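K.L.:
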Ligand code: NAD
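Numbering (the numbering used here), first residue to last: 29 to 499.
(1) Specify whether the stretch 390 to 409 and the stretch 235 to 247 touch according to this definition: at least 3 beta carbon pairs, one from each stretch, less than 8 Å apart.
(2) For the ligand NAD, is there any heavy atom lying closer than 7 Å to the beta carbon of residue 214?
(3) Please state whether the Cβ-Cβ distance between residue 44 and residue 35 is less than 8 Å.
(4) Scan the stretch 186 to 245 and note each continuous beta strand (DSSP E) run of 3 residues or more that stays entirely inside, going in chain order.
(5) Grab me the residues of residue 146's own chain with a C-beta within less than 8 Å of its C-beta, minus the 5 sequence neighbours each way, in chain order.
(6) Looking at residue 224 and the ligand NAD, is the gap between the Cβ and the nearest heavy atom below 7 Å?
(7) Can you tell me the Cβ-Cβ gap for residue 572 and residue 322, rounded? I've got them flagged as a contact below 8 Å.
(8) In whole angstroms, give me the CA-to-CA distance for residue 212 and residue 448.
(9) Round the Cβ separation of residue 106 and residue 135 to the nearest angstrom and send it over; I've been treating them as touching at under 8 Å.
(10) Apart from the five residues on each side of it in sequence, which residues of its chain come closer than 6 Å, Cβ to Cβ, to residue 176?
(11) Roughly how many angstroms lie between the CA atoms of residue 363 and residue 180, to the nearest whole one?
(12) Should residue 262 and residue 269 be called a contact, given that it needs their Cβ atoms to be closer than 8 Å?
(13) Can you find a heavy atom of the ligand NAD that lies under 7 Å from the Cβ of residue 274?
(14) How is residue 153 classed by DSSP in three states: helix, strand or coil?
(15) So is residue 301 buried or exposed if we call it buried at 16+ other beta carbons inside 10 Å?
(16) With a threshold of 8 Å, are at least 3 pairs of Cβ atoms found where one atom belongs to the stretch 364 to 372 and the other to the stretch 340 to 352?
(17) So, is residue 516 buried or exposed, given that buried needs 16 or more other C-beta atoms within 10 angstroms?
(18) Which complete alpha helix (DSSP H) runs does the stretch 308 to 334 hold, if anything under 4 residues is left out?
(19) Would you call the CB atoms of residue 164 and residue 490 closer than 8 Å?
(20) Do residue 204 and the ligand NAD come close, with the Cβ less than 7 Å from some heavy atom?
(21) With distances taken Cα to Cα, identify the nearest neighbour of residue 56 among 458, 394, 350.
(22) In its own chain, which residues sit with a C-beta less than 6 Å from the C-beta of residue 113, not counting the 5 before and 5 after it?
(23) When we look at the beta-carbon of residue 94 and count the other beta-carbons within 10 Å, is it buried (16 or more) or exposed?
(24) Specify whether the stretch 280 to 290 and the stretch 377 to 384 touch according to this definition: at least 3 beta carbon pairs, one from each stretch, less than 8 Å apart.
(25) Over what stretch of residues does the beta strand (DSSP E) that includes residue 65 continue unbroken?
(26) At a cut-off of 7 Å, would you count residue 405 as near the ligand NAD, judging by its Cβ distance to the nearest heavy atom?
(27) Pull up the DSSP beta-bridge partners for residue 268, would you.
(28) Go through its chain and collect everything with a Cβ distance to residue 42's Cβ below 7 Å, but skip five positions before and after it.
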């Protein structure tokens, strides 16, 4: 069995200092596929020290040189493409086409970031003043398990483009995915200490990194509870934070929607990554006037979904990450039933013939928005269908959530859909299609976080603004 017992610190793959052993299991079979030896406080300290030593040199690199290193990272990611895809499929159960999409986007972040490494990003003239945008300093990047390479590349690409040095701490529940990412980073050959990677748990490793006096910036993608802990830990040294946190996003099906388009859209938004997505549209809001046909179409749509091995091309929904995740989701299904939600599809237990892996039946409840399953993030393939009387009520329900990360609107009139989108209190809304752009801002309102990522919004989070007056 493969033993994952290294970290990447100061330009070298080094043995983990810690003795914390972690079993990596396949989501598909629940069998152990690797053993990881996690890092500890000493590894965290060494990584920060290396990043601090490398900062003066890296922040002084020419723009051309920096772009060149970003391209080396893109090439190294391309070389490890297949390993990264397998890591995603085996560890957290996403389907192979989705994994390939995630890995290709991971590589592309390093290409996109090169477009930001221009004079305009780092200086501008405002009247008499010269405004300089200078690197914040040492950036700690903490990432979740639901697509490790994507989050690691998205954050590291702009941090490095800004001139910051980096310590990555991927999730301990995503090591199988992050291992080939570490190999790629080591193969890219950046100057020692510019990019470091430590494997470890939130306690102690994450805690040391996010409270460290030599760390200037922390960017987290993770749960809201972790976001709060990190913000508290960094306040003594006034760390800059970017927090991309949880969600409970609404999909509003408007009265004029064409269900042949709206239902697949709603299911895709809700079940992407087997429901293990922060942006999942898990509350489907439907008009009372059409509730029967929408309900019927959603139930038929779910019945047609292939649940199975994520290596299989026909699979739409694969297993969830691990047994903890499986049990958490089962608990929410039981809570839905206990609170009186009506089970329309799926339910407790594993789908027939899929007893070995962490498979959950795609589940749909008719619910009200005050129920636990409509308020809390489940992070699995469990959706709620909520009825509204008119558009104002739809928007009120959409906004009646502690979260505000994403939203979806299905409509026959795009202009109208845009007007509805504007009234939703969330950082992003998609009207009629699940699409994306690497340079449009991403981030949440309310408990979904602080700050924005992607493109010029993303790099701004790694730059301090300095105004110089001269005569
Ligand atoms: P998590 O909060 O448990 O862990 C995220 C990372 O934080 C991990 O690397 C973990 O080790 C680290 N961590 C945990 N406690 C810490 C502490 N006290 N100090 C420092 N680091 C600590 O989240 P997860 O289970 O890995 O991921 C799922 C969550 O992430 C969901 O809530 C999901 O919505 C959210 N998420 C948000 C986005 C977004 O862009 N907004 C994207 C993906 C996932």
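Backbone N, C-alpha and C define an ideal beta-carbon position, used for all residues, glycine too. Fair warning: this is a prediction, and the values are worked out from it, not measured in the lab.
P.N.:
Working from what's here:
(1) no
(2) Here the question's residue 214 lines up with position 186 in the chain shown. Result no, Cβ not under 7 Å from the ligand NAD.
(3) One-based indexing of the chain shown puts residue 44 at position 16. One-based indexing of the chain shown puts residue 35 at position 7. Yes.
(4) 193 to 197, 223 to 225
(5) Working through the chain shown from its first residue, we reach residue 146 at position 118. Within the same chain, residue 146 has close Cβ partners 91.
(6) To locate residue 224, count along the chain shown from 1; it is residue 196. Not under cutoff, so the answer is no.
(7) Any property of residue 572 remains undetermined from this structure, which presents the chain solely from 29 to 499.
(8) Within the chain shown, numbered from 1, the residue matching residue 212 stands at position 184. Within the chain shown, numbered from 1, the residue matching residue 448 stands at position 420. Their Cα atoms are separated by approximately 43 Å.
(9) Counting from one through the chain shown, the residue named residue 106 turns up at place 78. Counting from one through the chain shown, the residue named residue 135 turns up at place 107. The pair is a contact, with the Cβ atoms about 5 Å apart (cut-off 8 Å).
(10) By 1-based counting over the chain shown, the position of residue 176 is 148. For residue 176, where only same-chain residues beyond five positions count, the Cβ hits under 6 Å are 198, 202, 205, 206.
(11) Within the chain shown, residue 363 is the residue found at index 335, counting from 1. Within the chain shown, residue 180 is the residue found at index 152, counting from 1. Here the C-alpha atom of residue 363 lies approximately 34 Å from the C-alpha atom of residue 180.
(12) Start at 1 with the first residue of the chain shown, and residue 262 comes out as number 234. Start at 1 with the first residue of the chain shown, and residue 269 comes out as number 241. Yes. Within cutoff.
(13) What you label residue 274 is simply residue 246 of the chain shown in a count that begins at 1. For the ligand NAD, at least one heavy atom lies less than 7 Å from the Cβ of residue 274.
(14) On the chain shown, position 125 is the one that residue 153 refers to. Of the three classes helix, strand and coil, the one that applies to residue 153 here is strand, per DSSP.
(15) Sequence index remark: in the chain shown, residue 301 carries index 273 (1-based). Residue 301 should be labelled buried.
(16) Too few Cβ pairs lie closer than 8 Å, so no.
(17) A question about residue 516 goes unanswered here, because the residues of the chain that appear run from 29 up to 499.
(18) You should have 319 to 331.
(19) Residue mapping note: residue 164 aligns to position 136 of the chain shown, counting from 1. Residue mapping note: residue 490 aligns to position 462 of the chain shown, counting from 1. Yes, these two residues count as a Cβ contact at 8 Å.
(20) As a position in the chain shown, residue 204 is number 176, starting the count at 1. Checking the Cβ of residue 204 against the ligand NAD gives no.
(21) Mapped onto the chain shown, residue 56 falls at position 28. Residue 56 has its Cα closest to that of 350, out of 458, 394, 350.
(22) Taking the chain shown and counting its residues from 1, one reaches residue 113 at position 85. Same-chain partners within the cutoff: 127, 128, 131.
(23) In the chain shown, counting from the first residue as 1, residue 94 sits at position 66. It counts as buried.
(24) no
(25) Along the chain shown, one-based indexing puts residue 65 at 37. That run of the beta strand (DSSP E) goes 60 to 66.
(26) Position 377 of the chain shown, counted from the first residue, corresponds to residue 405. Result yes, Cβ under 7 Å from the ligand NAD.
(27) Within the chain shown, residue 268 is the residue found at index 240, counting from 1. For residue 268, which the question treats as bridged, DSSP gives the partners 245.
(28) Residue numbering aside, residue 42 sits at position 14 when the chain shown is read from its first letter. Here the set comprises 34, 35.
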